[in-house]
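What the sequence shown shows, in the numbering used here, is residues 36 to 244, in sequence order.
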Amino acid sequence: MTIRPYTDLYRSEVLAIEQRLGLEACGEWSDVHEEAINAFRRRHQMELCYGMDLATEQALESIVVTAETLMRPVTPVQVAEDDVFITPNFRWCEFESTGDGVAVPKIYRANVRALCQQLEIVRRILGNRRIKIVSGWRSVWWNQRLGGYEFSAHKEGLAADFTVEGLQPSSVRRLMESLMERGELYDGGLGRMSQFTHYDIAQQHGRWN
Numbered sequence: 036m037t038i039r040p041y042t043d044l045y046r047s048e049v050l051a052i053e054q055r056l057g058l059e060a061c062g063e064w065s066d067v068h069e070e071a072i073n074a075f076r077r078r079h080q081m082e083l084c085y086g087m088d089l090a091t092e093q094a095l096e097s098i099v100v101t102a103e104t105l106m107r108p109v110t111p112v113q114v115a116e117d118d119v120f121i122t123p124n125f126r127w128c129e130f131e132s133t134g135d136g137v138a139v140p141k142i143y144r145a146n147v148r149a150l151c152q153q154l155e156i157v158r159r160i161l162g163n164r165r166i167k168i169v170s171g172w173r174s175v176w177w178n179q180r181l182g183g184y185e186f187s188a189h190k191e192g193l194a195a196d197f198t199v200e201g202l203q204p205s206s207v208r209r210l211m212e213s214l215m216e217r218g219e220l221y222d223g224g225l226g227r228m229s230q231f232t233h234y235d236i237a238q239q240h241g242r243w244n
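Structure below.
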């Protein structure tokens with residue numbers, strides 16, 4: 036199977052892809068384009084690859100471009116890896132990009148694993164109360180749709196928004212700050228929102244409400 040690197044695509048080809056997938060026209064390849072292509076492949080149950088293969092090219096050319104052609108969240112094809120545990124109490128499927136169902140890319144998995152190791156500490160101190168991940172890793176597309184910070188730690192798998200069973204975010208934050216002060220938990224970014232707690236290992240001693 037011949038695969039052309041995305042960087043070899045002509046500007047006219049990128050513009051055609053943008054038009055067919057309902058992306059903003061710019062003519063320059065980016066992570067947003069790659070995620071849109073892979074979402075398109077999942078929707079049509081096609082093999083994922085890094086680059087433009089003939090099958091994807093032909094499938095894209097078959098799209099009738101209309102004003103309603105939009106890039107929509109799709110349900111990905113489930114693979115066995117979705118059920119593999121990152122750490123004893125967290126699974127990869129919990130950290131996939133919520134809005135479009137894109138799995139955590141391999142390049143960010145070490146980050147997610149390091150984050151989960153810290154969350155395991157929190158869970159243990161809380162008597163093994165369940166931690167529910169509200170938002171883990173985010174694709175560029177989903178982060179944009181949420182209006183997230185351009186350099187959000189979520190995009191690199193270094194952050195999680197979560198709730199703890201039976202506890203308010205304010206209580207969770209106080210406990211985590213106590214753990215950080217004692218050196219038992221990495222002193223990263225910590226945010227107390229009204230409905231969840233934000234924690235990241237991308238920065239040191241970041242605090243906000």
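For glycine and all other residues, C-beta sits at the position ideal for the given N, C-alpha and C.
Looking from the CA of E70, the closest CA among R173, G241, V119 and M228 belongs to R173. The beta-carbon distance between I168 and R158, rounded to whole angstroms, is 12 Å. This is too long to meet the 8 Å contact definition. Bounds of the alpha helix (DSSP H) holding R208 are P204 to E216. Short of 7 Å from the beta carbon of S132, and not among the five residues preceding or following it, lie these beta carbons of its own chain, in chain order: W172, R173, S174 and W177. Under the three-state reduction of DSSP output, H233 falls in the strand class. DSSP places D88 in the strand class (E or B) of the three-state scheme.
Of the residues G62, C61, Q93 and R39, the one whose Cα lies closest to the Cα of F75 is Q93.
Of all alpha-carbon atoms in I72, R78, L95 and E96, the one lying nearest the alpha-carbon of Y85 is that of I72.
Residues of the same chain with a CB within less than 7 Å of the CB of F120, apart from the 5 flanking positions on each side, are R126 in chain order. Between I156 and L220, the CB-CB gap stays under 7 Å. Residue pairing from DSSP places T198 in a beta bridge opposite K167. Straight across, the Cα-Cα distance linking E59 with E48 is about 14 Å. In this chain, the beta strand (DSSP E) harbouring W243 covers G241 to W243. Boundaries for R227: no alpha helix (DSSP H) harbours it, while the beta strand (DSSP E) harbouring it runs G224 to R227, taken from the DSSP string.
Cβ contact annotation for V207 (same chain, cutoff 6 Å, sequence separation greater than five): V199 and T232, in chain order. About 7 Å separates the CB atoms of M87 and I38; that is less than 8 Å, so the two are in contact.
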